[in-house]
Amino acid sequence: MTDRRVRLAARRAGLLVAALTLASLALASGCSREETSAAARQRLVLATTTSTQDSGLLDVLVPAFEAAHPAYSVEVIAVGTGEALRLGQQKDADVLFVHAPQEEAAFVAAGHGAERRDVCYNRFVIVGPADDPAGVKAAASASDALARIAGRQAPFASRGDGSGTHTKERALWGAAGVEPGGAWYLVTGQGMGETLKIASEKQAYALTDEATFLAMRDALDLAALFDRDAALRNQYGVVVVAGARNERGARDFADWICGNDGQALIGRFGADRFGRPLFTPNGGGDAQ
Amino acid sequence: MSVFAEAIAEGLDALVSGSVDVWGVVATSLRVSGAAVAVALVLGVPAGLYLGTRRSATRNALLVLANAGMGLPPVVVGLVTAMLLSRRGPLGALDLLYTRPAMVIAQTVIAVPVVAAVTGAAVASVPFDLRLQARSLGASRWQESLLVLKEARMGLVAAVAAGFGAVISEVGAVMMVGGNLEGSTRVMTTAIVQYTRMGRYGPALALSAVLLALVVAVNAILAQVQRSAERFERS
Amino acid sequence: MSAVLEAIGVRKSFRKQTVLDVERIALERGRTLALLGPSGAGKSTLLAVLGLLERPDAGRVLLDRREVSAGDRDARLHVAAAFQRPWLFKGTVGENVAYGLALRGVAPAERKRRAAEALERVGLGGWQDRSALTLSGGEAQRVALARALAVRPRVLLLDEPLASLDAVEKRRLAREFARVLREDGMTVLWVTHDQDEAALVADDVAVMRDGRIVASGPADEVFFVPQDEWAAGFLGLEAPIEGVVASVEEGVARVACDGADVFAVTDTAVGTRVRLGVRPEDVVLFDAGAEVPASSARNRLRCVVADLEHTGATFRAVLERGGVRLAAKVSKAAVRELGLAPGVEVLAVFKATAVRVAEVSRSGREVSA
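Okay, structure coming up:
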């Protein structure tokens, strides 16, 4: 008697939960996308770096992709590369659009990623006070520029967040033979935009991707001082997460962004606003 | 669940080994928020005294302001403070943005309405006749106010706790005006945000645990003070 | 006599309603003035004005004949008050009693000494270290009095200090407080709505109604000789008996009243128009035909019972003889024995010393005789 009642109650509770879930799903999707029915669209979680978000590139890419593939509804999570990789590892993201090629390769090698492809690159640039007290402009290489900054103990703002930019910065310090630290080395632990603002306020140098800097330059009291070094190339890649909830969508996204339409969009992006494109597409290559 | 197990292990390690400067960050938090609450008391208690003892249209308007101020979003405070202190802002010459004083300023703005409103409510519960009694024994305005504050001291403790609770766990303003600079303006909340963004849940969790413990401790002290006061008044 | 604190022509309105309109009230040095009246009569407002706690809309307050106001801190330091609720502050009894001294910058050691002394005065010697918030009503009221006494004010103001206490405690404290105040030679304004309490403590009495003082003078007189019909009712008196002094013999005057002669102890000159008052407690009733044994009670009036009112433990009989009206307080047993009822004839007996005499001045107001 009691058993049956319990089972009945459990079944009722289960039904209630199911109904609530359905209702909230319907509500949530109904709110965001009115043109397509809820059942027809699949959620595709894209984890990317704050730099793509801050530059405005995603605002162009995502709607274009959704127009080309109406079956998907893209949800963007903009975080550091470290966090993006972590989200992928936990299968909280389906596809990653990041810029730390070595770590991406390691990610795939560890079995977390199904495939990785180059998409495009832009340049890193060393920015700083226009009067350039450390003489970065005259540097022979990127690592030489950093060595000059360290030699002068001129303030330098570092993201210190394990992002692609930060990884690149660490590599350059390594090449310069300097272990940065001390009052002049400002570790923000924040995204590129915030770090640039802090550098501007503190009149500090910083390593930044060109796109973010160009997008923000009007709000900053900083000048681009050095970018003449192949080491300052910033390669973006797309990674399909292995065993992702929406792996098919992830592959479609990777194919699209490396395909003609995506590449053309990237090649044009920023030209109207900054006088030249921010990114150079190089996604024609094969998957690695 | 393994996410948690891993993070907890890493967090414990961070707390014990000092591989991440958790305690330095905690110390900065306490210093900044402590200073902000101290300044907020200096400004908020007299304001609360005014709100709790006067009856006028101005007072009513200010009360609305104080109550609204309690819900002031920290990010808004952060934004306005950052704009004021930025190099291009009106107070840019002070060179304060992304320093601890800037954080204290922003948190003070957040804490003052809380302190004022809570103090005001406590002070308002002191009967007018008690003030009249003090006056009839020769108390000046100032002495009368001191007595009222003494009578409402439980409320003052609550005001301190509420103000401290509001700022110690606030992230929006300190992030915007402090900049989360390692070793100088990095506090618990901004560090938690940063570590979470970086996917380093361990230190984030460790800091969260310390933050929670602090908030619980402040409230435990508050409860203890209130209990002992009740005992004293009843026994 | 010299007035320590005095208010002249003070008026105060609240929301266009006059709550205070007093021509003059004066507190004489070393005397207790009971301010008596029903609630809402304006007693507390008058106390607040005298205590420099509230500013009157018009009029002056004089301390030692110098005009003072609520903004005058020095003047305020000469006045101290205690209220119906003791309003003790958080802390110990000692801290409470020393509060006024602390306000005056008295050094801590001296403060302690004087607080202890004040507590001793009110019968709470050695209570310094108790919590002030754990006392009974009577104890708290003693502390409140000690706190006010500790500052040695020129004038002490007590606003219904015993109104929250039970009847027994109230009588005990009234006697005790009155003794302490008299011993200290304190000048006191004692506000109360209870005339028994006023009778216990007062040297002088003022009766208030609707913001005005309707009767005032020494307690002996105000309680016996009505000055105003309403005040008479409030004090439980009948309307005054009017008459003319017909003869005086060995200090006893024969006052010819409408319908009867009344004997009274007074030195008022023959021919003076006077008003007489007799407290109901002083009138004893006998059967109309009874042979009353010879005694010192000179007044024996045959009267008719006009009214009989049950007032609780006793009855109050209103008696008439011609134009003379008297009230008598009678026990239940006496009512039964005499068969008291309206219309019944009785013999009212009272002493010549029980009759208070007030001269009627030219302006029609009484002057103490």
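From first to last, the protein sequence lines are chains A, B and C. All letters in the first sequence, in the order written, are residues 538 to 825 by my numbering. All letters in the second sequence, in the order written, are residues 14 to 248 by my numbering. All letters in the third sequence, in the order written, are residues 147 to 515 by my numbering. Virtual Cβ for every residue (Gly too), placed ideally from N, Cα, C.
Worksheet item: In chain C, which residues lie with their C-beta within 8 angstroms of the C-beta of residue 148 of chain B?
Response: 199, 222
Worksheet entry | Under 7 angstroms by beta carbon: chain B residues contacting residue 233 of chain C | 142, 143, 146
Fill in: Boundaries of the alpha helix (DSSP H) in which residue 63 of chain B is found, first to last residue
35-66
Practice prompt. Locate the alpha helix (DSSP H) running through residue 753 of chain A, then write down its first and last residues.
Written response: 747-753
Worksheet item: Which residue from C/371, C/409, C/243, C/391 puts its Cα closest to that of residue 384 of chain C?
Response: C/371
Worksheet item: Are there 16 or more other CB atoms within 10 angstroms of the CB of residue 250 of chain C, so buried, or fewer, so exposed?
Response: exposed
Discussion item. Tell me the residue span of the beta strand (DSSP E) that contains residue 336 of chain C.
Written reply: 333-338
Item to complete: Mind reading off the beta-carbon distance from residue 632 of chain A to residue 598 of chain A? Whole number of angstroms is fine, and I expect it under 8 angstroms.
Response: 12 angstroms between Cβ atoms; not a contact.
Discussion item. Quick check: is the beta carbon of residue 153 of chain B nearer than 8 angstroms to any beta carbon in chain C?
Written reply: yes
Worksheet item: Under three-state DSSP, which class holds residue 487 of chain C?
Response: coil
Item to complete: Work out the CA separation of residue 162 of chain B and residue 705 of chain A for me, nearest whole Å.
Response: 58 angstroms
Worksheet item: If we ignore side chains and look at the alpha-carbon of each, how far apart do residue 38 of chain B and residue 606 of chain A end up?
Response: 47 angstroms
Practice prompt. State the Cα-Cα distance for the pair residue 292 of chain C and residue 243 of chain C, rounded to the nearest angstrom.
Written response: 6 angstroms
Discussion item. Helix, strand or coil, according to DSSP, for residue 681 of chain A in the structure here?
Written reply: helix
Worksheet item: Below 8 angstroms between beta carbons: does that hold for residue 150 of chain C and residue 158 of chain C?
Response: no
Worksheet item: First and last residue of the beta strand (DSSP E) that includes residue 639 of chain A?
Response: No beta strand (DSSP E) contains residue 639 of chain A, which is instead part of the alpha helix (DSSP H) from 638-646.
Worksheet item: If you count every other CB in all the chains shown that lies within 10 Å of the CB of residue 456 of chain C, and 16 or more means buried, which is it?
Response: exposed
Practice prompt. Compare the C-beta of residue 182 of chain B with all C-beta atoms of chain A and state if any pair is closer than 8 angstroms.
Written response: no
Fill in: Within 8 angstroms, strictly: CB atoms of residue 149 of chain B and residue 434 of chain C
no
Discussion item. Let me confirm a value: residue 195 of chain B is counted as buried when at least 16 other C-beta atoms fall within 10 Å, else exposed. Which label applies?
Written reply: buried
Worksheet item: Could one say the Cβ of residue 212 of chain B lies closer than 8 angstroms to chain A's Cβ atoms, at least one of them?
Response: yes
Discussion item. At the level of alpha carbons, what is the spacing between residue 729 of chain A and residue 587 of chain A?
Written reply: 7 angstroms
Worksheet item: Just how far apart, CA to CA, sit residue 172 of chain B and residue 260 of chain C?
Response: 37 angstroms
Worksheet item: Is residue 407 of chain C helix, strand or coil when you go by DSSP?
Response: strand
Fill in: Own chain, CB closer than 6 angstroms to residue 206 of chain C, minus 5 neighbours either side, in chain order
154, 213
Item to complete: Identify the contact partners of residue 160 of chain B in chain C, using a Cβ-Cβ distance below 9 angstroms as the criterion.
Response: 235, 245
Practice prompt. Establish whether the CB of residue 635 of chain A and some CB of chain B are separated by less than 8 angstroms.
Written response: no
Worksheet item: From residue 801 of chain A to residue 734 of chain A, what does the alpha carbon distance come to, in whole angstroms?
Response: 31 angstroms
Practice prompt. For chain B, find out if any of its Cβ atoms is closer than 8 angstroms to the Cβ of residue 627 of chain A; answer yes or no.
Written response: yes
Practice prompt. Return the residue from the list C/237, C/231, C/338 that minimises the CA-CA distance to residue 290 of chain C.
Written response: C/231
Discussion item. Let me confirm a value: residue 431 of chain C is counted as buried when at least 16 other C-beta atoms fall within 10 Å, else exposed. Which label applies?
Written reply: buried
Worksheet item: Hey, does residue 239 of chain B have any beta-carbon neighbour from chain C nearer than 8 angstroms?
Response: no
Discussion item. Can you list, in chain order, the residues of its chain with a C-beta nearer than 6 angstroms to that of residue 233 of chain B? Leave out the 5 residues immediately preceding and following it.
Written reply: none
Item to complete: For the region 194-209 of chain C and the region 131-141 of chain B, state whether three or more C-beta atom pairs, one from each stretch, are separated by less than 8 angstroms.
Response: no
Discussion item. For a contact defined as C-beta to C-beta under 8 angstroms, what are the partners of residue 297 of chain C on chain B?
Written reply: 150, 151
Practice prompt. Let me know the secondary structure DSSP gives residue 218 of chain B once reduced to three states.
Written response: helix
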